[in-house]
Amino acid sequence: MNQVEELLKVVEEAQAGGNVVVVTGKPGSGKSKVLREAADIKKWTYVDCRMLISEEFLAIPAADRGLYAPDMFAEILASYNAEVIILDRLQTLFVPVFHINTDSLMRKLSKKFTIITAWPGYIENGNLCYEKFDGTEAIRISPDGFKVWNVE
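Next comes the structure, spelled out in structure tokens:
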């Protein structure tokens, strides 16, 4: 079974449960490539997270963005009329001035869609972690309720 077939099986299992699949792997391991191939095969909606950052979103006072992001992003994703949404370049949402709690966002979006995303960081002590460019940890998320799958 190739990696795309493995991912398709993982997504099928996740749809019966938490509805979030987090694809992990080292930089350059092919996470985005596998996501794009799966999207092509299954006709799933592939969204670059940079497309979620609209002028309307940026017009919201910075401190309030995290509050409005889940509903705004859900509205954008609903316009695709898709049950499965692949969110690539998730790190776009980690920018501090956006004030987005990515963990909460994915959990809220998963109530309306099956979300598949590439995790741009690493796993440590059972948590999904992402570091800032200066090497300090920026994000630590518990994957409880998520299906984590690793690209080799």
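Just so we're on the same page, our numbering is the position in the sequence shown counted from 1, plus 15. Just so it is clear, CB atoms sit at the ideal spot from N, CA and C, and this is done for glycine as well.
Review point. Do Ala133 and Leu73 have their CB atoms nearer than 7 Å?
Key: no
Check your understanding: Could you give the distance in angstroms between the alpha-carbon of Ile91 and the alpha-carbon of Leu67?
Key -> 7 Å
Check your understanding: Which class does Asp168 belong to by DSSP, given the choice of helix, strand or coil?
Key -> Examination of residue 168 is not possible in this model, given that the chain is present from 16 through 167 alone.
Check your understanding: Leu82: which of Arg104, Phe113, Asp63, Lys41 sits nearest, CA to CA?
Key -> Phe113
Check your understanding: Anyone know if the C-beta pair for Pro85 and Leu120 falls short of 7 Å?
Key -> yes
Check your understanding: Is there a Cβ from chain B that is less than 7 Å from the Cβ of Glu70?
Key -> Of the chains in the structure shown, none is chain B; there is only one protein chain.
Review point. Going by beta carbon distance, what residues of the same chain come within less than 6 Å of Lys123, once the five residues before and after it are set aside?
Key: Pro85
Check your understanding: Assuming Thr129 contacts Ala53 under a Cβ cut-off of 8 Å, what Cβ separation, rounded to an integer in Å, is found between them?
Key -> So it is not a contact: roughly 12 Å between Cβ atoms.
Check your understanding: Is Lys46 helix, strand or coil when you go by DSSP?
Key -> Note: Lys46 maps to helix in three-state DSSP.
Exercise for review: Give every residue of the same chain whose Cβ lies closer than 7 Å to the Cβ of Ala77, excluding the five residues on either side of it in the sequence, and list them in chain order.
Suggested key: Val112, His114
Check your understanding: In whole angstroms, what is the alpha-carbon distance linking Lys57 and Glu71?
Key -> 31 Å
**Study point:** Reduced DSSP category for Asp51 - H, G, I as helix; E, B as strand; rest coil
**Key:** The identity of residue 51 in the sequence shown is Arg, whereas the question assumes Asp. Here Arg51 sits in helix by DSSP.
Review point. Across which residues does DSSP place Arg155 in a beta bridge pair?
Key: Cys144
Exercise for review: Less than 8 Å between the CB atoms is what I'm expecting for Ile101 and Ile131, so what's the real figure, rounded?
Suggested key: 5 Å
Review point. How is the beta strand (DSSP E) around Ile100 delimited, first residue to last?
Key: Counting along the chain, Ile100 sits inside the beta strand (DSSP E) bounded by residues 99–103.
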